[in-house]
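S.K.: Here's a structure for you.
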Amino acid sequence: KSTVQSGAEPDGEMDELAEAVDAKVKLQRELQDERKNLPVYKFKDDLLKAIEKYQVLIIVGETGSGKTTQIPQYLHEAGYTANGKKIACTQPRRVAAMSVAARVAQELGVKLGHEVGYSIRFEDCTSDKTVIKYMTDGMLLREFLGEPDLASYSVVIVDEAHERTLSTDVLFGLVKDIARFRPDVKLLISSATLNAERFSDFFDEAPIFKIPGRRYKVDIHYTTALEADYIAAAVVTVLQLHVKQPAGDILLFLTGQEEIETVEELLKQKMRTVGSKIAELVICPIYANLPTELQAKIFEPTPEGARKVVLATNIAETSLTIDGIKYVIDPGFCKLKSYNPRTGMESLRVEPISKASADQRAGRSGRTGPGKCFRLFTEYNFRHDLDDDTVPEIQRSNLANVVLRLKALGINDLVGFDFMDPPASEALLKALEELFALGALNSRGELTKTGRRMAEFPLDPMLSKAIVASEKYGCSEEVVTIAAMLSAGNAVFYRPKDKLVLADTARQAFHAGNVGDHVALLNVYSAWRESGYSSQWCRENFVQPRTMKRARDVRDQLEALLERVEIEHCSGAGDLDGIRKAVTAGYFRNAARRQKDGSYRAVKSRQTVFVHPSSGMADVPPAWVVYHELVLTSKEYMRQVTELKPEWLLEIAPHYYQRKDIDGHQPKKTGKDKGPAARQT
Ligand code: ADP
Ligand code: MG
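With positions in the sequence shown counted from 1, the corresponding number in UniProt numbering is that position plus 379.
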């Protein structure tokens, strides 16, 4: 070891190399030992036998028993990839797909993207060599378009089935069908909850394979009164635990990135004020849009004498297992999609979790020893206010996207589709209406050429429609850029506290002429491209380089898809109305009109909405706008807003808007346009 410093000498280099090799061998040995310690390991042979024997198998096991990371490896070792075929393993969350793939690549000692890879929207980290492929459930759904029988896979694992995401539920119906005409394919449905009977019933009485987990006792503590501010309560609880409780890491469940960043900031402030009086607190955030480099941090061992606190979204409930957690703090909320079939509006809301979720969360503290869970709600709340289970996403979503995908797969009879829990027929009907209004379906409900083109884009139907329509307005280049920017994330600009004025001035420059948020995004991208994609330029303009790089990747892919569906590359060279019309062609349902009091009213749904303060249009609110999405915080806010001329609505969507919708007077009654007869289909 004494020669480490003299790295320049050949001897030293050799030593260093030898040490590096040693370390690697040691790490591999440790990893292999860890693998053997997972609960699933003891059942390896039985499991492989069961898979051999049955075509469809339901696998149930506690979170952290090794289902996701180990089973694909066992199948690989057992020869399921020897015929050149792949193993697919779906995950509801992108971060889980990436993180698990990274772990498995490490365990197999291969480079990520070679034998083990992952595929998530806009990011394909696989190669010709890839045999174990982790992917989001949405990506596997897309693969059906190119390969309707999934012939390149020998095994399909629908993992985290208990999550019941929209895509997973649709996959259930599709893979069940495949299993019928492909006797060679193996289908594994894997779940962390014990009531697997439902899966077994759905998959024609498929056998259930149980992996007994280890679960130590978890002490549950409740608050005695309702917490008015669960963020503040969570921060106090973290600090109290840190000061008073014996060693062991903390996992705090929050609802999203913003909350996590707020809590991170509050905890850092508090820790700064107490100085070195108490032990170090390592704060690790984890949420869907966390940059890849930082994702691995939650798995790093906690330094001696310190304590780790993981601030996580629902992702840590069952998708990711973090070792060493002894304390769970559960405020009892999560962000859930909700859908109003009457208005066709979908929004993300912070909602109370279910009892099943609360129990899963508590269980995260008792994996390696007895744990404690602090619920920031009362026992009465838990017993009386929480639902038993979360409603499957398919029953609280806008279904336009799913219906378009199924139609593109040639599945026309949606009412007859084999859903485990069928969506409300009202919601299916609304989706059909929406796709018809977008021109994706004809009056017989068949896919049109426009619809076929739209289905190729991995985007919401409204955004795909804007792209398809851009050809007509001669601005596909611009609209693809806007679509890429909208898909790259909400964090385009940042505002450092000590440079607020500078940052705001820089941001306003992109909005000059009140062009609207969509064109402003285009301006940002164009200026960045002109700078030679420079990160220096990003710093000077307070633009997030990460978001821009992602936008560029997304844009490249969308551009390739333009070619695929034969949409001409064309540039409107400054014809802003052309761009706005293309946006309106996709988003006409999101048209809103200013009211006397400065609020807006959505033209069709009659909902009261507001311009988001971050919008460039907030200070100069035009009479008519079209918005990208609604976000509910203290109010319903429209995010990404652009001015619109009301006549465009009649010109672009004559089957959706009539003159009376845009004329001066405003009819009081709502919901009269569709009689009860129309709902019964
Ligand atoms: P299950 O799918 O049954 O919930 P997993 O296969 O995800 O279980 O987890 C098995 C083990 O692998 C856990 O101990 C977990 O901490 C570890 N693990 C999973 N992903 C990673 C990762 N990215 N880095 C480090 N450890 C990981
Ligand atoms: Mg798992």
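Where is the CB? At the ideal position from N, CA and C, for every residue including glycine. Given the structure is predicted, the values throughout are model-derived calculations rather than measurements.
With the cut-off set at 9 Å, would you say Y912 and R934 are in Cβ contact?
M.R.: In the sequence shown, the residue the question calls residue 912 occupies position 533. In the sequence shown, the residue the question calls residue 934 occupies position 555. The criterion of a C-beta distance shorter than 9 Å is not satisfied by Y912 and R934.
S.K.: Just to confirm, does V479 get its C-beta within under 8 Å of one of the non-hydrogen atoms of ligand 2?
M.R.: In the sequence shown, residue 479 corresponds to position 100, counting from 1. Result yes, Cβ under 8 Å from ligand 2.
S.K.: Could you tell me which whole alpha helix (DSSP H) segments of length 4 or greater appear in the stretch 398-484?
M.R.: 423-432, 446-456
S.K.: Got a sec? Which residues, its chain only, sit under 7 Å from M833 by beta carbon, not counting five neighbours each side?
M.R.: Counting from 1 along the sequence shown, the entry for residue 833 is found at position 454. If we look at M833 and ignore the five residues flanking it on each side, its Cβ neighbours are L783, A819, P840, S843, K844, V847.
S.K.: Alpha carbon to alpha carbon, what distance is there between L690 and M393?
M.R.: Working through the sequence shown from its first residue, we reach residue 393 at position 14. Working through the sequence shown from its first residue, we reach residue 690 at position 311. Spanning the two alpha carbons is a distance of roughly 42 Å.
S.K.: Determine the closest residue to Y1035 out of I708, V1004, A970, G995, with distance taken between C-alpha atoms.
M.R.: Residue mapping note: residue 1035 aligns to position 656 of the sequence shown, counting from 1. Selected option, being the one with the closest Cα: A970.
S.K.: Opposite D598 in the DSSP bridges: which residues?
M.R.: Within the sequence shown, numbered from 1, the residue matching residue 598 stands at position 219. In DSSP, D598 forms a bridge with K751.
S.K.: Is it a yes or a no for the stretch 596-603 touching the stretch 748-762, going by three-plus beta-carbon pairs under 8 Å?
M.R.: yes
S.K.: Is the number of C-beta pairs between the stretch 810-824 and the stretch 853-864 that are closer than 8 Å three or more?
M.R.: no
S.K.: Can you tell me where the beta strand (DSSP E) holding I511 begins and where it ends?
M.R.: Here residue 511 refers to the residue found at position 132 when the sequence shown is read from its first residue. I511 -> beta strand (DSSP E) spans 511-515.
S.K.: Can you give me the C-alpha to C-alpha distance between G824 and R414, rounded to a whole angstrom?
M.R.: By 1-based counting over the sequence shown, the position of residue 824 is 445. By 1-based counting over the sequence shown, the position of residue 414 is 35. About 51 Å.
S.K.: Is the stretch 525-539 close to the stretch 555-568, with three or more CB pairs under 8 Å?
M.R.: yes
S.K.: Given 8 Å as the limit, is there contact between the stretch 503-513 and the stretch 462-469, that is, 3 or more CB pairs closer than that?
M.R.: Flag = yes, the stretch 503-513 and the stretch 462-469 touch.
S.K.: Look at the Cβ atom of R959, then the Cβ atom of G868, and state whether they are nearer than 9 Å.
M.R.: Position 580 of the sequence shown, counted from the start, is the residue given in the question as residue 959. Position 489 of the sequence shown, counted from the start, is the residue given in the question as residue 868. No; because the gap between Cβ atoms is not below 9 Å, this pair is not in contact.
S.K.: Does DSSP put K983 in a helix, a strand or coil?
M.R.: To locate residue 983, count along the sequence shown from 1; it is residue 604. Three-state result, K983: coil.
S.K.: Closer than 8 Å to a non-hydrogen atom of ligand 2 - does that hold for the CB of E539?
M.R.: Counting from one through the sequence shown, the residue named residue 539 turns up at place 160. Yes, the Cβ of E539 comes within 8 Å of a heavy atom of ligand 2.
S.K.: Let's see if you can read the secondary structure: which residues bound the alpha helix (DSSP H) around L811?
M.R.: In the sequence shown, residue 811 corresponds to position 432, counting from 1. Per DSSP, L811 belongs to the alpha helix (DSSP H) from 804-816.
S.K.: On the DSSP bridge assignment, give the partners of P664 in chain order.
M.R.: In the sequence shown, counting from the first residue as 1, residue 664 sits at position 285. Its beta-bridge partners are L690.
S.K.: Output needed for L520: all residues of its chain with C-beta closer than 7 Å, excluding positions within five of it in sequence on either side, in chain order.
M.R.: Taking the sequence shown and counting its residues from 1, the one referred to as residue 520 is at position 141. For L520, where only same-chain residues beyond five positions count, the Cβ hits under 7 Å are S546, V549, L550, R784.
S.K.: With a threshold of 6 Å on Cβ separation, who are the neighbours of L900 within its own chain once the five nearest residues in sequence on each side are excluded?
M.R.: Numbered from its first residue, the sequence shown carries residue 900 at position 521. Within the same chain, L900 has close Cβ partners I861, M864.
S.K.: DSSP puts E730 in a beta bridge; with which residues?
M.R.: Here residue 730 refers to the residue found at position 351 of the sequence shown. Paired residue(s): C713.
S.K.: Reducing DSSP to helix, strand and coil, say where A1002 ends up.
M.R.: Residue 1002 sits at position 623 when you count from the first residue of the sequence shown. Three-state result, A1002: coil.
S.K.: Quick one: residues with CB closer than 5 Å to any heavy atom of ligand 1, in chain order, please.
M.R.: T442, G443, S444, G445, K446, T447, T448, S478, R482, F678, T700, D702
S.K.: According to DSSP, is F578 helix, strand or coil?
M.R.: Translated into positions along the sequence shown, residue 578 becomes position 199. Looking at F578 - three-state DSSP - the assignment turns out to be helix.
S.K.: Applying the criterion that 16 or more other CB atoms from any shown protein chain within 10 Å of the CB defines a buried residue, is N920 buried or exposed?
M.R.: On the sequence shown, residue 920 is found 541 positions in, with the first residue counted as 1. Buried, because 16 or more other Cβ atoms sit within 10 Å of the Cβ of N920.
S.K.: Buried or exposed for A399, please, with buried defined as at least 16 other CB atoms from any protein chain shown within 10 angstroms of its CB.
M.R.: Here residue 399 refers to the residue found at position 20 when the sequence shown is read from its first residue. Result: exposed.
S.K.: Under three-state DSSP, which class holds H1007?
M.R.: Position 628 of the sequence shown holds residue 1007. In the structure shown, H1007 sits in a strand (DSSP, three-state: E or B).
S.K.: Enumerate in chain order the residues of its own chain whose CB-to-CB distance from H890 is below 7 Å, with the five nearest sequence positions on each side excluded.
M.R.: For the purposes of this step, residue 890 is identified with residue 511 of the sequence shown, where counting begins at 1. Contacts found: A899, G995.
S.K.: Any idea what DSSP makes of L838, helix, strand or coil?
M.R.: Start at 1 with the first residue of the sequence shown, and residue 838 comes out as number 459. Residue state, collapsed to three classes: coil.
S.K.: Quick one: what's got a C-beta closer than 7 Å to residue 360's C-beta in the same chain, skipping five residues either side?
M.R.: With the chain covering 380 to 1060 only, the question about residue 360 has no answer from this structure.
S.K.: Grouping DSSP H, G and I as helix and E and B as strand, with all else coil, what is V781?
M.R.: Walking along the sequence shown from the start, residue 781 turns up at place 402. Correct three-state label for V781: helix.
S.K.: What is the DSSP secondary structure of N719, reduced to helix, strand or coil?
M.R.: The count along the sequence shown starts at 1 and reaches residue 719 at position 340. If DSSP states are grouped into helix, strand and coil, N719 belongs with the strands.
S.K.: Which whole-angstrom value is the C-beta distance of I708 and L645, which I expect to be below 8 Å?
M.R.: The count along the sequence shown starts at 1 and reaches residue 708 at position 329. The count along the sequence shown starts at 1 and reaches residue 645 at position 266. Between I708 and L645, the beta carbon gap of about 14 Å keeps them out of contact (Cβ cut-off 8 Å).
S.K.: Give me the Cβ distance between P418 and I587, rounded to the nearest whole Å; I'm assuming they're in contact under 8 Å.
M.R.: Taking the first residue of the sequence shown as position 1, residue 418 is located at position 39. Taking the first residue of the sequence shown as position 1, residue 587 is located at position 208. Not confirmed; about 16 Å, so no contact.
S.K.: Does the Cβ of N693 have 16 or more other Cβ atoms within 10 Å, making it buried, or fewer, making it exposed?
M.R.: Counted from its first residue, the sequence shown places residue 693 at position 314. Buried: at least 16 other Cβ atoms inside 10 Å.
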